[in-house]
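Below is one structure, written out as structure tokens; the observations come after it.
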Amino acid sequence: MIDQSNLPKHIAIIMDGNGRWAQSQGKNRLFGHRNGTEAVHKVVEAAAKMQIEHLTLYAFSTENWNRPKLEVSTLMDLLIKALRRELNKMIKNNIQLRSIGDISKLPAEVEKELQETIHKTSHNTGMILTLALNYGARQELTQAVQQIAAKVKNNIISLENVDETIINEHLYTQNLPAVDLLIRTSGEQRISNFLLWQIAYAELYFSEVFWPDFNERHFEDAIISYQKRERRFGKTSEQLTHS
Ligand code: FPP
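Shown next, in the form of structure tokens:
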């Protein structure tokens, strides 16, 4: 069913619906996050097996700090445990872990575990798995503008040379290609401050399924939907077939 010659190079996922999944079964939100971690495991493995080059997951946004303290600390705890538990599998599956977002503001233990896992998987040559942690696209763009402005002020780059390439180079995603397919689960149809610059030409796929129930089959459905679409990048259909 999946055309291996037309895979999206970069898939990004907004993993939504953990809380509602748990509440729909009379459980608390934390139960939803724990089960959400299982879905992360399944989808990462499926993506690596399918030879997707880049998978980027929205794990914790700059806005998520506003959640109840216990929920924030549970998410941090789940992250540490998942990193420890998954390290060997990431090495076995040749996955390279990276992060985007201001990770210096994460609890010290989380930052340390993350840096260690990034380091230990840095020689892997397969799929690049990027976790967005304390990530917000407006924050990312703001810090990029600040860095570029400082370089212009100090004559490191000239104003005329500020172009899309320079902007790309100052984003957290500097080494990642643009997003081809953005998936959001749980029926919500919003971007929620995720990769605003990088999704300029992404295909959007919204699934009704709550994240803890999202599995390999749903992931494949999203890719099949992507493969049925015609990406025109501003051109006409005729121009695409004749080029
Ligand atoms: C959204 O559900 C999910 C999150 C805010 C966090 C995603 C985190 C995980 C899946 C677990 C740990 C992550 C990794 C990478 C191991 P929600 O709480 O917003 O759901 P709701 O909209 O139903 O309330």
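In our numbering, the protein residues as written are 1248 to 1490.
Note that beta-carbon positions come from the ideal geometry of N, C-alpha and C, so glycine has one too.
Where residue i sits in the DSSP three-state scheme
i     : result
F1307 : strand
N1381 : strand
H1301 : strand
L1431 : In the sequence as displayed, the identity of residue 1431 is Arg instead of Leu. In the structure shown, R1431 sits in a strand (DSSP, three-state: E or B).
Q1343 : strand
L1361 : helix
V1409 : coil
H1366 : helix
M1337 : helix
Inter-residue Cα distance where the pair is residue i and residue j
i     : j     : result
I1260 : K1482 : 27 Å
S1454 : Q1298 : 22 Å
S1252 : L1317 : 45 Å
T1321 : L1277 : 7 Å
K1336 : E1467 : 21 Å
H1301 : N1340 : 14 Å
E1407 : N1415 : 16 Å
T1372 : S1405 : 36 Å
D1460 : P1354 : 29 Å
M1262 : T1303 : 11 Å
K1328 : N1311 : 19 Å
The beta strand (DSSP E) enclosing residue i, as first and last residue numbers
i     : result
F1453 : E1450 to F1453
A1259 : H1257 to I1261
Cβ-Cβ separation, residue j to residue i (assumed contact under 8 Å), whole Å
i     : j     : result
L1325 : H1280 : 6 Å
S1351 : E1360 : Not quite, the Cβ-Cβ distance comes to about 14 Å (not below 8 Å), so this is no contact.
Y1452 : I1438 : Incorrect: roughly 13 Å between the Cβ atoms, too far for contact.
beta-carbon residue i near ligand 3 non-hydrogen atom, thresh 8 Å
i     : result
G1266 : This structure does not include ligand 3; its bound ligands are ligand 1.
Per DSSP, cross-strand counterpart(s) of residue i
i     : result
L1376 : L1302 and L1344
Minimum Cβ-Cβ distance from residue i to chain C less than 9 Å
i     : result
L1423 : The structure shown has no chain C; it contains just one protein chain.
First through last residue of the alpha helix (DSSP H) which encompasses residue i
i     : result
F1466 : E1463 to K1475
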